[in-house]
Structure formats: structure tokens, C-alpha cells
Amino acid sequence: MSGHSKWSSIKHQKAVTDARRGQLFTKLTREIIVAVRQGGSDPETNFRLRLAIQKARDNNMPQDNIERSIKRGSGEMEGVTLVEMTLEGYGPGGTAILVQALSDNRNRTLQDIRHIFSRSGGSLGESGCVAWLFDFKGLITIETNDLDAEELALNAIDAGAEDVKVEDSGVEIYTRPEELEMVRVALEQKNLPIASAELSMVPRTMVELEEKTALQTLKLLDSLEGLDEVQLVSSNADFPNSILEKYQSQV
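Right, dumping it as C-alpha cells:
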């Protein structure tokens, strides 16, 4: 699981920049709109909307933006028609990659994603070719800083977590999708510093890559994340800290 969390941490760091934050707000807006259209505009009765709003707040999205997104989803304000897409493919070295997107133009988005795969040494595959390598989970990350990681892990288990992984940069807490919110609230009540909480496609096993292939794969994942329509990119590629540091120094 370690490569999964390390890639997530890179994305989090990148989102701090103004350009990435503007792009992130676009993605969060799309998620809120689709959540409202699927389950209504009341967060109390719409689980997906509650998660989308919480994620928006975690990323410091202004409340006015959140409210406008809800109104667009409910039809109170003019909005776009968005289609959910899940594309599957292979990265350099045969790693599995899942791409989840929300698009107002399916053909354009498909072409953009296919182009990124092909120019980065990967390829799109058929539906179902790699999805079986991932499990749908709730994922909560906590940055340990000066906290006791083992104690954090025990608190997470007490809160109802399915699994806990202690990593160099923090603790990964895995939950059943429907229990993500419950576990998060329990951890917040213990005043634990939650860095992120989201539904995620978690790889069952990781694939280690040699340096050149790992750097190619990181570039591919980063390019996919750079598309406004792409909401989530998941991969089973494992990246040692040395590779991540080298990649970050190049971008």
C-alpha cells in the first residue's frame, strides 16, 4: 500500500500551488454537482454529497463555491451535463492504472486520456482488464509528526477501521466505504490531525519498478491528474522514496 499513499502525498503537496488549487476546485465542483444530481441536495440524506462537501472543505474551498456547486447540481443555477467514466489501462512496466473522470464531452476526454497513455509508454485496455486488482475502500491519512504512530493505529482500530498501515510519513487507515464517515468522526473526536479522507481504489498488491520505468510512470500519472475531467487516478505501482524525491526535483 505504501506507493499508494506516497503518490497521494505528492498530489496533496502539488495542490498547494495556486494553479493546482484552481484545478482542484474545478474537480471538487464537478464531484458536488454529480453527487447532487444522483442523490439530491440535502447532505443529511446524500452520503456522496456529504463526502464531496467535506473534501471541498478539507481543501479550503470557499463556502460560496460549495453552495453554487450544489445549486448547479439541483438545477437552481445553470450547469453542465456530466458523464461518469472509468477507464482502465497499463502503464510502463505493465502496472495497472484506473482513471475515473467526470466529463461534459466523453469522446474528447477519451481521446485526451488515450493520448497521454500512448505518449508515456502505456496503453488503454478493455473494461475490466485491471479493475479486479483494486478494492473500493475508504482511506483516511493522518500525518504523525510528533504523534505516536502505533497509538494512532490502535485508536483507528478502536474507531472501526478495517486495516491500518504505518508509513514513514504517517498512518493510512482503511475502512469499508460506508463506514468512512463514521471512522473519521470518531478520530476527529480524539483530536487527531486528519490530512485527508476519501473513497479510493486501493491496489491489492503493489508492483516495484526500476528507476527509469518508475519515473515514466510518475509522469504518466501526473499528466492524467492534470486533466480537469479526471477525478481520481489509481495505480498499483510502488515508488521508493528516492524515486519520488528525484521526480519531484525534476518537475
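Counting with our numbering, you get residues 15 to 265 for the letters of the sequence shown.
Using N, Cα and C, we set each Cβ at its ideal position, and we do this for glycine too.
Suppose contacts are defined by Cβ-Cβ distances below 7 Å. Is S134 in contact with K233 by that definition?
Result yes, Cβ atoms of S134 and K233 sit closer than 7 Å.
Can you tell me the Cβ-Cβ gap for L238 and I257, rounded? I've got them flagged as a contact below 8 Å.
Not really, about 18 Å apart at Cβ, beyond 8 Å.
When DSSP labels each residue in this structure, what does M196 get in the three-state scheme?
Correct three-state label for M196: helix.
For the alpha helix (DSSP H) that A145 lies in, which residues bound it at each end?
Counting along the chain, A145 falls outside any alpha helix (DSSP H), and DSSP gives it neither H nor E.
Please name the residue in Q245, A173, D236 and T231 whose C-alpha comes closest to that of I46.
The option with the nearest alpha carbon to I46 is Q245.
Buried or exposed: which applies to S141, given that a residue is buried once 16 or more other Cβ atoms fall within 10 Å of its Cβ?
S141 is exposed by the Cβ-count criterion.
Flag this pair as yes or no: are the beta carbons of A211 and T231 separated by less than 7 Å?
For A211 and T231, no; Cβs fall outside 7 Å.
Nearest by alpha-carbon distance to D242: which of S132, A49 and R122 is it?
Comparing Cα-Cα distances from D242 to each of S132, A49 and R122, the minimum goes to R122.
Just to check, is the beta-carbon of D236 closer than 6 Å to a non-hydrogen atom of the ligand SAM?
With respect to the ligand SAM, the structure offers nothing, as it holds no ligand at all.
With a 10 Å radius around its C-beta and 16 neighbouring C-beta atoms as the bar for buried, classify E186 as buried or exposed.
Per the 10 Å Cβ criterion, buried.
Specify the secondary structure class of V137 as computed by DSSP and reduced to three states.
Reading off the sequence shown, one finds Ser at residue 137, where the question assumed Val. DSSP places S137 in strand when its eight states are reduced to three.
In this structure, does DSSP put D172 in helix, strand or coil?
It is helical.
Could you compute how far the alpha carbon of D118 sits from the alpha carbon of E176?
The straight-line gap from Cα to Cα measures roughly 36 Å.
Among T155, L235 and I130, whose alpha-carbon lies nearest the alpha-carbon of K179?
Nearest C-alpha to K179: T155.
Check whether the Cβ atoms of G103 and G136 lie closer than 7 Å to each other.
The answer is yes: Cβ separation under 7 Å.
Would you check if the segment 141-152 and the segment 97-116 touch, i.e. whether three or more CB-CB distances between them fall below 8 Å?
These segments touch.
Would you decide whether F150 is buried or exposed? Buried here means 16 or more other CB atoms lie within 10 Å of its CB.
Burial call: exposed.
If you scan the segment 72-109 from start to end, which runs of the beta strand (DSSP E) of 3 or more residues do you find wholly inside it?
Whole beta strand (DSSP E) segments, 3+ residues: 97-104.
Do L42 and M91 come within 7 Å of each other at the CB atom, strictly closer than that value?
No, the pair does not count as a contact, with Cβ atoms beyond the cut-off.
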